[in-house]
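This report refers to the structure that appears directly beneath it.
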Amino acid sequence: MDGQDHFDAIQNSLAKSYHWTLALDSGYLDILDDDDDDDDDDDDIADNAFILVAKYEATTGHEVASKQVHLTTEQQNLLATALENTQELFDDNLGHYKHEKIPLEVEDGAVPVHSKAYSVPVKHQDAFLKELCHLEAINVLK
């Protein structure tokens, strides 16, 4: 199975699931939706969202590989070998890609869309503001 077939199989599996989890940056933002058959699931996502405080911890390629429990031991060893010389990816800092510019392709005649900003519930504002200030301090956001 090539990479695209594997990706398609995973995507199809997720599309059939009623339980969605979006985990960004090691659990920074988890969005959980209950297993119900309503057609308006997208409207309920914000109601069920919660924000965890971001944890930026240094790790190694070997630790990352060993946590991939869906891989065989041989595959974990191959992954650890591939990640040996990539320590800057696993330090405890966020960074940015500096090597080449990635073009943003927009269809001809595309009309920009303005939508209402996503509001942060009051109970999540402290965690959100703490992370926002942190991202600004390390120049991820300006």
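Using the working numbering, you'd call the opening residue of the sequence shown number -15 and step up by one each time. Backbone N, C-alpha and C fix where the C-beta goes; we use that ideal spot for every residue, glycine too.
In angstroms, rounded to a whole number, what distance separates the CA positions of Lys85 and Gln60? Position 101 of the sequence shown, counted from the first residue, corresponds to residue 85. Position 76 of the sequence shown, counted from the first residue, corresponds to residue 60. Their backbone Cα atoms lie some 32 angstroms apart in a straight line.
Evaluate Ala49 with the Cβ neighbour count: other Cβ atoms within 10 Å of its Cβ, from every protein chain shown; 16 or more gives buried, anything less gives exposed. Position 65 of the sequence shown holds residue 49. Ala49 should be labelled buried.
Range of the contiguous alpha helix (DSSP H) that encloses Glu84: To locate residue 84, count along the sequence shown from 1; it is residue 100. Neither: Glu84 is in no alpha helix (DSSP H) and is coded neither H nor E.
Terminal residues of the continuous alpha helix (DSSP H) containing Ser50? If you number the sequence shown from 1, residue 50 lands on position 66. First-last of the alpha helix (DSSP H) with Ser50: 45 to 50.
Helix or strand or just coil, what does DSSP make of Phe74? Indexing the sequence shown from 1 puts residue 74 at position 90. The answer is coil: DSSP assigns Phe74 none of H, G, I, E or B.
With DSSP collapsed to three states, give me the class of Thr65. As a working mapping, residue 65 is identified with position 81 in the sequence shown. The three-state reading of DSSP puts Thr65 in helix, counting H, G and I together.
Are the CB atoms of Val37 and Ala111 within a distance shorter than 8 angstroms? Reading the sequence shown from its first residue, position 127 is the one you call residue 111. Reading the sequence shown from its first residue, position 53 is the one you call residue 37. Yes, they are a contact pair.
Proximity below 8 angstroms, CB of Gly45 to CB of Glu68: On the sequence shown, position 61 is the one that residue 45 refers to. On the sequence shown, position 84 is the one that residue 68 refers to. The answer is yes: Cβ separation under 8 angstroms.
I need the straight-line Cα distance from Asp23 to Ser99, nearest angstrom please. As a working mapping, residue 23 is identified with position 39 in the sequence shown. As a working mapping, residue 99 is identified with position 115 in the sequence shown. Legend: pLDDT at Asp23 = 48, less than 50; position of this residue unreliable, value from coordinates given subsequently. The straight-line gap from Cα to Cα measures roughly 22 angstroms.
Tell whether a beta-carbon distance below 8 angstroms holds between Asp92 and Tyr40. Residue mapping note: residue 92 aligns to position 108 of the sequence shown, counting from 1. Residue mapping note: residue 40 aligns to position 56 of the sequence shown, counting from 1. Taking 8 angstroms as the Cβ cut-off, Asp92 and Tyr40 do not qualify as a contacting pair.
Measure the alpha-carbon distance for Lys126 versus Lys51 and round it to whole angstroms. The count along the sequence shown starts at 1 and reaches residue 126 at position 142. The count along the sequence shown starts at 1 and reaches residue 51 at position 67. Distance between the alpha carbons of Lys126 and Lys51 is about 34 angstroms.
Using a Cβ-Cβ cut-off of 7 angstroms (strictly less than) and excluding sequence neighbours within five positions of Phe74, which residues of its own chain qualify? Locating residue 74 in the sequence shown gives position 90, counting from the first residue. Apart from the 5 residues on each side of it in sequence, Phe74 sits with its Cβ closer than 7 angstroms to the Cβ of Ala42, Thr43, Thr44, Gly45, Val48 in its chain, given in chain order.
Check whether the Cβ atoms of Leu78 and Ile122 sit closer than 8 angstroms, and answer yes or no. Translated into positions along the sequence shown, residue 78 becomes position 94. Translated into positions along the sequence shown, residue 122 becomes position 138. Yes; because the gap between Cβ atoms is below 8 angstroms, this pair is in contact.
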